[in-house]
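Quick notes on the structure that follows.
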Amino acid sequence: MKWPVFSEKEVIVGNPISCIGVCTLWSPRKNFVEKYLWQLMGQISIVGNLYSVFGIGIMIRNFLANPELRYLLVTGTELGFAKEVLKNMRNERNDPNLTKKLFLDSDQLARFLKQVRMIYVDAGEIQTLVDSGEYRDFCLEQQKFEPIIVPLPKPEAKNFPTAGSSHLIRARTVAEAYEGLLREIRLFGHITGGDSEGHKRQELWELNMVISEQNPFDFVSIPHPEYGEEEIKQYCEDFWDGIKRGDTAYAYGHIIRFAFGDQVEAAIKAFKKKPDETFRVVISLWDPRVDEGSINAEDPPCIVMLQLRIINDRLYQWGYIRTNDMFNGWPLNAIALRYFQYKFLERLQSELKRPELQLGDLAITSGSAHIYERDWLKIDEFLKDALPKKFFNDPKGNFEIKIEDRKIIVNHFSPEGGLLQTFQGTNALKLSKELEPFISQIKNALYVGRSLQEMQDKLSLTLDDLLSMHF
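Be aware that the sequence shown starts at 934, since it is given in the working numbering, and climbs by one per residue.
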């Protein structure tokens, strides 16, 4: 039988008949093996990462398929909840919905817990632990188990035609944007072939998200499938402060602050020279060197660049993310970018002595905006329970449509409520063409179209028709 059964390109296989598996959590597995395990790979069957609770289900499937595995060494840097879930599996704090999240049944989970002993160990102590043999449970090793193959559920993906690029979604908050982008990808994203690690994805190319009102400190509202309020807050603070925790592959804030000099301080200096006219405040996380730079790196940063600009006393920020897991990664990076934008604004208010400066929009372009096949079922459940989207004011303004003196009158108002211009006529189609350049939201366009036709229908009524409607 071929083994590993699942995610074979995401693991390192040592001795397949060994009884030890190693989970390195968020610590890059290749670096971890080179640093801590290279002398032990003859005694270790498999080494892999564990980034999410869903990943536990993949790991369990590989253990069930290979009954030689009896020990799981859990080590490395943890950034989510997966380690906590593993620790709680055997006690009353276990999540009653865990099997559903893992797409397993209770018997399969029970079999894993019967077959495998989990050991939590610091990276530097693994060599001593394995050499000493203190981890071994001889009663466990004498038990016999048959291999069990538990297939992953096969989600469906039906996509409708759409533009090949330049998709746009506007929202007030990260939560609103998250629901909108997931729905957009599930409806219109094309299906890719397997990527370098064998995963299929549903993808939109060049998805532009614009967020206008997100509170940079509202970590509670961020809809992340793994992280809670404290983890999200920590991530945002580290992004601004440039802190890199543990042996993770990279940290965006650390690159911004230290990889090429402190780019935050350089950006502040540029704004001080030309506050409202500088177009050069571009913060880059991408190393362009051909041979040793990001393009040939094993794990280059996904966030490539940021650009900041002051327009009409508002600080706008745009970020480009070359490839983006929109279900698991996007909400975390979106709130981190908003937090970064606000902290940068505070610095500008102080350095430029302009307390009147305010936050502008946060725009994020995701080159490959994708969701993994393994997450489609979870996303469909999330969208099924999502609340109806609130009305979002058109940034180009809104319209009042009425009849006066047997004419259709259309007043165009700014988002702040000021009257911008007035249109009038008797033909709905002609008026709609005049209004078209001043509408950007589909809901607004549908409302205007319905209202114009309704007004034209009323104008076509005769006096007898009007009298009959009142008697």
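Where a beta carbon is used, it is the ideal one built from N, C-alpha and C, also for glycine. From a predicted model like this one, the values you see are computed outputs, not experimental measurements.
DSSP on residue i, reduced to helix/strand/coil?
i	result
CYS1235	coil
LYS1335	strand
ARG1247	strand
THR911	In the structure as shown, the chain starts at 934 and stops at 1404, and residue 911 therefore has no counterpart that could be examined.
ALA1192	strand
ILE1124	strand
LEU973	coil
ILE1228	helix
GLY1013	coil
PHE996	helix
LEU1320	coil
LEU1364	helix
SER1217	strand
ILE950	coil
GLY1350	coil
LEU1310	helix
ILE989	helix
LYS935	coil
ILE1176	coil
ASN1344	strand
TYR1183	coil
ARG1003	coil
Do residue i and residue j have their C-beta atoms within less than 7 Å of each other?
i	j	result
LYS1134	THR1125	For the sequence presented, residue 1134 should be read as Arg rather than Lys. Yes, these two residues count as a Cβ contact at 7 Å.
HIS1345	GLU1136	no
GLY1186	PHE1172	yes
CYS952	ARG1003	yes
ASN1141	LEU1101	yes
ARG1050	ASP1028	no
ALA1043	THR1008	no
ILE979	GLY954	yes
ILE1144	ALA1200	no
VAL1112	ALA1319	Per the sequence presented here, residue 1112 reads as Glu, with Val not at that position. Their beta carbons are under 7 Å apart, which means GLU1112 touches ALA1319 by this criterion.
GLN1405	ILE1342	In the structure as shown, the chain begins at 934 and stops at 1404. Residue 1405 is therefore absent and cannot be evaluated.
ILE1082	ALA998	yes
ARG1116	LEU1364	no
PHE1260	ILE1216	no
HIS1123	TYR1305	no
LEU1006	VAL946	no
GLN1147	THR1106	yes
TYR1168	ALA1269	yes
GLY1179	ARG1190	no
LEU1295	GLN1282	no
Tell me, to the nearest whole angstrom, how far the beta carbon of residue i is from that of residue j; I am working on the premise that it is less than 8 Å.
i	j	result
TRP1219	PRO1234	7 Å
THR1359	LYS1340	6 Å
GLY1013	TYR1160	6 Å
PRO1000	GLN1048	6 Å
TYR984	PRO1149	Actually they are not in contact, since the Cβ atoms of TYR984 and PRO1149 sit about 25 Å apart, beyond 8 Å.
TRP959	GLU1017	With a Cβ gap of about 13 Å, TRP959 and GLU1017 do not count as contacting.
LEU1285	LYS1207	11 Å between Cβ atoms; not a contact.
VAL1214	GLN1240	6 Å
How many Å lie between residue i and residue j at the Cα?
i	j	result
PRO1370	THR1032	52 Å
TRP1263	ASN1257	7 Å
ASN1326	LEU1379	13 Å
GLN972	VAL966	9 Å
GLU1231	THR1298	23 Å
VAL1381	PHE1332	7 Å
LYS1329	LEU1278	25 Å
GLN1108	ILE1155	Reading the sequence as shown, one finds Ala at residue 1108 and not Gln. ALA1108 and ILE1155: Cα-Cα distance of roughly 6 Å.
LYS935	ILE1254	36 Å
PHE1045	PHE996	7 Å
GLU1289	ILE1243	12 Å
ARG962	ARG1247	43 Å
THR1095	LEU1392	37 Å
VAL1063	ASN948	14 Å
PRO1348	ASP1040	57 Å
VAL938	GLY981	13 Å
PRO1080	ILE950	13 Å
GLU1198	GLY1293	21 Å
LYS968	LYS1020	25 Å
SER1098	LEU1037	38 Å
LYS1177	ASN1266	15 Å
TRP1309	GLU1162	24 Å
PRO1088	VAL986	18 Å
ASN1024	CYS956	21 Å
ARG1307	GLY1300	21 Å
GLN1060	ILE1052	14 Å
Report the residue ranges of all beta strand (DSSP E) runs contained in full by the region 1127-1170; include only those spanning at least 3 residues, in chain order.
-> As far as the region 1127-1170 is concerned, its whole beta strand (DSSP E) runs of at least 3 residues are 1134-1144.
For the region 1256-1306, list the alpha helix (DSSP H) runs that are entirely contained and at least 4 residues long, ordered along the chain.
-> Runs found: 1263-1284.
With a floor of 4 residues, list each alpha helix (DSSP H) that falls wholly inside the region 1043-1131, ordered by position along the chain.
-> Counting whole runs of 4 or more residues, the region 1043-1131 contains the alpha helix (DSSP H) stretches 1059-1065, 1071-1075, 1107-1121.
Residue ranges of each alpha helix (DSSP H) within the region 1369-1395, 4 or longer = Complete alpha helix (DSSP H) runs here, min 4: 1375-1392.
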